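Colleague: If you count by my numbering, then the sequence shown holds residues 1280 to 1420, one letter each, in order. All C-beta atoms, glycine included, are put in the ideal place defined by N, C-alpha and C. Nothing here was measured: the structure is a model prediction, and the numbers come from that model. Here you go, one structure.
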Amino acid sequence: MAAHSRDDDAAVVDLLMRAARTQRRRWLDALAPWDLTPHHARALRVVAGRDGTRLSDLAEALHIAPRSATEVADALQSRGLVERTRDPADRRAVVLRATEEGLRVRAEVDAARAADSRELLARLSPEDRAELARLLRALTD
1280 MAAHSRDDDA AVVDLLMRAA RTQRRRWLDA LAPWDLTPHH ARALRVVAGR DGTRLSDLAE
1340 ALHIAPRSAT EVADALQSRG LVERTRDPAD RRAVVLRATE EGLRVRAEVD AARAADSREL
1400 LARLSPEDRA ELARLLRALT D
């Protein structure tokens, strides 16, 4: 059995980074028809997946500062994808809700992402996809 080297580890990490950059580039291309950034698409997914999202909850879900969550919400609101409403549980608080347009865009974006993922992963056999998922979970869990 060949000896394992630090160069081997570096090559594997480089490949992992290249794969991540490839996926990010593909995701940017997939989002182009809606003129959304990946960050805005993730925020829309969070808001559309809940019945009212406080800015602090959005910031936590996206792992960003509350000020940044406000900027993201402003951008989505200016596009008509989310709206701010009073929280029925606390009239002093504001929650974000997806508009009908936001729900439509989210569904279209999700479908485009799923199609792109299928296309990318079709390069691998079902067994290799399962193994890749297992390996990536081991690195991220």
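If I measure Cβ to Cβ from R1408 and keep anything under 8 angstroms in the same chain, skipping five residues before and after, which residues do I get?
Modeller: These residues qualify, in order along the chain: L1400.
Colleague: Measure the alpha-carbon distance for P1312 versus A1372 and round it to whole angstroms.
Modeller: Cα-Cα distance, rounded: 34 angstroms.
Colleague: Taking only the alpha-carbon atoms, compute the straight-line gap between T1349 and A1299 and give it to the nearest angstrom.
Modeller: Their Cα atoms are separated by approximately 27 angstroms.
Colleague: I'd like the list of long-range same chain contacts for L1295, defined as Cβ closer than 6 angstroms, with 5 residues on each side in sequence excluded.
Modeller: Counting only Cβ-Cβ distances below 6 angstroms, and skipping sequence neighbours, we find nothing.
Colleague: Since D1366 is in the beta strand (DSSP E), which residue starts that stretch and which ends it?
Modeller: Segment V1361 to D1366, the beta strand (DSSP E) holding D1366.
Colleague: What's the gap between the Cα of V1292 and the Cα of R1333?
Modeller: Approximately 37 angstroms between the Cα atoms of the pair.
Colleague: Counting only runs of 4+ residues fully inside the segment 1281-1318, write out the alpha helix (DSSP H) ranges in chain order.
Modeller: Complete alpha helix (DSSP H) runs here, min 4: 1285-1310.
Colleague: Looking at the structure shown, is L1375 part of a helix, part of a strand, or coil, going by DSSP?
Modeller: Three-state result, L1375: strand.
Colleague: Could you check where the alpha helix (DSSP H) with A1352 kicks off and where it finishes?
Modeller: Here the alpha helix (DSSP H) through A1352 covers P1345 to S1357.
Colleague: According to DSSP, which residues form a beta bridge with T1419?
Modeller: Answer is none; T1419 lacks a bridge partner.
Colleague: What does a CB cutoff of less than 6 angstroms around W1306 pick up in its chain, not counting 5 residues either side in sequence?
Modeller: Excluding positions up to five away in sequence, the list reads P1317.
Colleague: Excluding sequence positions up to five away, which residues of its chain have a Cβ less than 8 angstroms from the Cβ of T1378?
Modeller: The answer, listed in chain order, is G1359, L1360, V1361 and E1362.
Colleague: Express the C-alpha separation of R1303 and T1419 in angstroms, rounding to a whole number.
Modeller: Whole-angstrom Cα-Cα distance: 18 angstroms.
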